[in-house]
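S.K.: Going down the list, the protein sequences come from chains P and Y. Throughout, this note's numbering is defined as the position within the first sequence, counted from one, plus 126. Heads up: the second sequence at position 88 corresponds to 71 in this note's numbering, and the numbers run straight through without jumps. Questions regarding the structure given below will be posed in turn.
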Amino acid sequence: MTELLLDVRQLTKRFGSPAAGFLAVDNISFGVREGEIVGLLGPNGAGKSTTIFMLLDLISPTSGEIRIFGGDYRHNRDAILQKLNYSSTYVEMAPRLSVYENLLVMARLYQVPDEKKEISTYVDKFGVREFLGAQFHTLSAGQKTRVVLCKAFLNHPALLLLDEPTASLDPDVALLVRQEILESRTRGMTVLITSHNMAEVEEVCDRVLFINHGKIVSEDTPVELARKVRHIRVQLMMKDGQKRTVAFAKKAGFPVEEKDRFVTIEVDEGDIAYLLASLADQGVEYRQISIDKPTLEDYFIKMLGGGV
Amino acid sequence: MSANRIVYILLHTWYHFIHSMETWVDIFWNTTVNLLIFIFIAKLIAGGSAVGVEGAGLILGMVFWNAVWVGQYNVTIGALWEMWSKSFNTLFITPLTMEEFIVGQMISGALKSIIAVVISALVAYWLTGLSVITLGWMLPVYVFELLAFSWGIGLMVLALIMRLGTDAASLSWSLVFLVQPFGGVFYAVTVLPDALQKIAALFPSTYIFAAIRAQYLDGVLETGNTWRALGLDAVWILLGYIALRLALRQTLTSGAFARLSE
């Protein structure tokens, strides 16, 4: 069993007074092991960002304990922040400094050995070289995100916190980021990531914590969470018998949608054979069939709708 | 506290400075133009090309006031630039501490203050023949004491901005001017009403400017005033630091510190 790199126990954050305040994070506990990539998912206002900010020591918890690399911020702030980094679409850097000046100052604050070589490596990796001399405030949102990602990898963090790391990025750069995350994991980096891009989370995360109303409501691998959505979508491109198909689905109690020549029916995994056999018995013919397994996105939607 | 990280904050400040024309204007242009106005007013009052004793007091006040103004302004504006651009807390998710950041701003403010005082002193010498060099070895003592006062005010203003948010940013260039009428900058505080003299006694500037005038105009070295100013400087810095720590703790609890990046 690998070491618990991040250990959060009974963490609570209440803004305002105990009587009239807002409970943003409600007594959550979780751990992240070395080399793990863990997704922190939830709707807007669920408490994800507050949790991340507490992990960065930018918000003081109301109660609970955060241990990173076995220590806490009160006694080990320097050592923790030396080996931790953070990237988000919302992170800004000094506006008047050039990209290179910003990265150089950051590399030195993290005491990166051979900082110019490291900057050069990540500048090339994230395609930042072409605007290295530009002042940060002149960059587009996507360019800023790439610079902030360079900053986040500069010190080879043992723990990387990512908040929507690929929002505002072109798909090819987002792919690069995912590749870099997975490659860094092979070097032992641990990642806690929040994202609204469910495909991204499914691709990179070993485990997902689903947070809602400040509480962790479920925790599992992306595949297992998706499996909790038992409905599978069967989409048929009809040749003959479209009306019979819709009528049968309704009679059988399966949710059904009809659009042009396509009919989509939601069934439990165990009912697929029954559905297809029944349609065949009724002489229904279709040109194409696709059976979509539930995804993490389905879980997310069902979860918010209380359907899981 | 890491000396290296303070040096890197100085580097950060230097990069910002060389790219920001408005900082040059704020610090060097405004201070020089204000001094010119004071020199010509002093000449007008004296009724000739010389500035007279009162005029010399005014000009000395303006030359050395620049140490307070630039020093204080730099401590607060250094943080404000980062807050306005929402990059302030990006610095603090590195191992950098608030103390290291502030010390970096104090040192960079001291360097800019010294340059501003030198420029002002040269302008004053060129137009009036008034030479601050005649203050001898006490000159760096006076400048240091004024700088220390500026740091104390800067810490308090920064604490207020943290507590009230960037809407209170104007305090960074306005609050320090409360010191001018009551802090003995241009005239002896004996001209103030009794109640205001009690307030003046709390400002180190009251003793420093009195000592500068006594030495320059009367040739009297007022070491007692210099020591009093030093003690008060320590109190102002301590109070400023306590206020800043309290404000920081409050913003960390309320979430305001994290929102500086949103």
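Here a beta-carbon is modelled for each residue, glycine too, at the ideal position from N, C-alpha and C.
Assign Y:Glu245 to one of three DSSP states: helix, strand, or coil.
M.R.: Confidence at Y:Glu245 is low in this model, with a pLDDT of 49, below 50, so its placement is unreliable and no value can be given for it.
S.K.: Please state if the CB of P:Arg311 and the CB of P:Val317 are separated by a distance shorter than 8 Å.
M.R.: Going by C-beta atoms, P:Val317 is nearer than 8 Å to P:Arg311.
S.K.: If we count the other Cβ atoms within 10 Å of its Cβ and call it buried at 16 or more, is Y:Ile52 buried or exposed?
M.R.: The identity of residue 52 of chain Y in the sequence shown is Trp, whereas the question assumes Ile. That one is buried.
S.K.: For Y:Leu235, which residues of its own chain have a beta-carbon under 7 Å away from its beta-carbon, when the five flanking residues on both sides are left out?
M.R.: Taken in chain order, the list of residues that qualify is empty.
S.K.: Alpha carbon to alpha carbon, how far is Y:Tyr(-2) from P:Val160? Give it in angstroms, no decimals.
M.R.: The sequence shown places Glu at residue 160 of chain P, rather than the Val named in the question. Each residue's alpha carbon lies about 38 Å from the other.
S.K.: Return the CA-CA distance between P:Asp296 and P:Ala325, expressed in angstroms with no decimal places.
M.R.: Between P:Asp296 and P:Ala325, the C-alpha separation is close to 15 Å.
S.K.: Anything in chain P within Cβ reach of Y:Lys69, meaning under 7 Å, just list it in chain order.
M.R.: Ordered by position in chain P, the residues that pass the 7 Å Cβ test against Y:Lys69 are Glu218.
S.K.: Would you identify the three-state DSSP class for Y:Gln233, choosing helix, strand or coil?
M.R.: DSSP places Y:Gln233 in helix when its eight states are reduced to three.
S.K.: Would you say Y:Ser155 lies against chain P (beta-carbon separation less than 8 Å)?
M.R.: Not closer than 8 Å to any Cβ of chain P, the Cβ of Y:Ser155 fails to qualify, so no.
S.K.: Considering only their Cβ atoms, is the gap separating P:Lys243 from P:Ile185 smaller than 8 Å?
M.R.: Result no, Cβ atoms of P:Ile185 and P:Lys243 do not sit closer than 8 Å.
S.K.: Using a Cβ-Cβ cut-off of 8 Å, state whether P:Arg272 counts as contacting chain Y.
M.R.: For P:Arg272, the answer is no, since every Cβ of chain Y falls outside 8 Å of its Cβ.
S.K.: If we ignore side chains and look at the alpha-carbon of each, how far apart do Y:Gly223 and P:Thr320 end up?
M.R.: When rounded, the distance between both Cα atoms is 39 Å.
S.K.: With 7 Å as the limit, tell me which residues of the region 216 to 242 of chain P have their beta carbon closer than that to any beta carbon of chain Y; keep them in chain order.
M.R.: The residues in question are Tyr216, Val217, Glu218, Met219, Ala220, Pro221, Arg222, Leu223, Glu227, Val231, Met232, Arg234, Leu235 and Tyr236.
S.K.: Just mark P:Phe222 as buried or exposed, buried being the case when its beta carbon has 16 or more other beta carbons within 10 Å.
M.R.: Note that residue 222 of chain P corresponds to Arg in the displayed sequence, not to Phe. By the 10 Å Cβ count, P:Arg222 comes out buried.
S.K.: Determine the DSSP secondary structure at Y:Tyr125, reduced to helix, strand or coil.
M.R.: Helix at Y:Tyr125.
S.K.: Using CA atoms only, rank isn't needed, just tell me which of Y:Tyr108, Y:Val172, Y:Leu231 and Y:Phe165 is closest to Y:Val140.
M.R.: The shortest C-alpha separation from Y:Val140 is found at Y:Leu231.
S.K.: Counting only beta-carbon separations shorter than 8 Å, does Y:Ala178 have a partner in chain P?
M.R.: Output row for Y:Ala178: interface = no.
S.K.: Is Y:Ile76 close to chain P, meaning its C-beta is less than 8 Å from at least one C-beta of that chain?
M.R.: Chain P contact via Cβ: present.
S.K.: With C-beta atoms as the reference, is Y:Leu43 less than 8 Å away from Y:Ser103?
M.R.: No, the Cβ-Cβ distance between Y:Leu43 and Y:Ser103 is not below 8 Å.
S.K.: Put P:Ile245 into one of helix, strand or coil per three-state DSSP.
M.R.: Of the three classes helix, strand and coil, the one that applies to P:Ile245 here is helix, per DSSP.
S.K.: Contact between the region 258 to 271 of chain P and the region 232 to 243 of chain P is defined here as three or more beta-carbon pairs at a separation below 8 Å; is this criterion met?
M.R.: No, because fewer than three Cβ pairs between the region 258 to 271 of chain P and the region 232 to 243 of chain P fall closer than 8 Å, the two stretches do not touch.
S.K.: Can you find a C-beta in chain Y that's less than 8 Å from the C-beta of P:Phe252?
M.R.: For P:Phe252, the answer is no, since every Cβ of chain Y falls outside 8 Å of its Cβ.
S.K.: According to DSSP, which residues form a beta bridge with P:Met363?
M.R.: DSSP lists P:Phe388 and P:Gln414 as partners of P:Met363.
S.K.: Could I get the ranges of all uninterrupted alpha helix (DSSP H) runs contained in the region 68 to 121 of chain Y, with 4 residues as the minimum, in chain order?
M.R.: Segments of the alpha helix (DSSP H) lying fully in the region 68 to 121 of chain Y: 71 to 74 and 81 to 111.
S.K.: Can you tell me which of Y:Ser153, Y:Tyr125 and Y:Ala142 puts its alpha carbon nearest to the alpha carbon of Y:Thr249?
M.R.: The question about residue 249 of chain Y has no answer, for chain Y in this structure spans -16 to 245.
S.K.: Below 8 Å, how does it come out for the region 380 to 393 of chain P and the region 348 to 367 of chain P: are there three or more Cβ pairs, yes or no?
M.R.: Taking 8 Å as the limit for Cβ pairs, the verdict is that the region 348 to 367 of chain P does touch the region 380 to 393 of chain P.
S.K.: Under the three-state reduction of DSSP, which class applies to Y:Val34: helix, strand or coil?
M.R.: Y:Val34: coil per DSSP, three-state reduction.
S.K.: If the cut is a Cβ gap below 8 Å, which residues of chain Y does P:Phe336 touch?
M.R.: The contacting residues do not exist; P:Phe336 stays about 23 Å from chain Y at best.
S.K.: What are the complete beta strand (DSSP E) segments, minimum 3 residues, inside the region 182 to 258 of chain P?
M.R.: Listed in chain order, they are 189 to 194 and 210 to 214.
S.K.: Can you give me the start and stop residues for the beta strand (DSSP E) that P:Ser310 sits inside?
M.R.: Note, P:Ser310: premise wrong, no beta strand (DSSP E); alpha helix (DSSP H) at Pro297 to Thr312.
S.K.: Checking the sheet assignment: what are the DSSP bridge partners for P:Phe336?
M.R.: BP columns for P:Phe336 point to P:Leu167 and P:Ser344.
S.K.: In chain order, what residues of the region 412 to 429 of chain P put their CB closer than 9 Å to some CB of chain Y?
M.R.: The region 412 to 429 of chain P vs chain Y, Cβ under 9 Å: nothing.
S.K.: Spell out a yes or no on whether the region 158 to 171 of chain Y and the region 80 to 89 of chain Y are touching, meaning 3 or more CB-CB pairs, one atom from each, closer than 8 Å.
M.R.: These segments do not touch.
S.K.: Go to P:Lys354, then tell me how far its beta strand (DSSP E) extends in each direction, as first and last residue.
M.R.: From DSSP, P:Lys354 is part of no beta strand (DSSP E); its letter is neither H nor E.
S.K.: Comparing the C-beta of Y:Phe240 with each C-beta of chain A, is any distance below 8 Å?
M.R.: Here chain A cannot be found, since the structure's protein chains are P and Y.
S.K.: Rounded to the nearest angstrom, what separates P:Arg200 and P:Gln136 at their Cα positions?
M.R.: One C-alpha to the other measures close to 17 Å.
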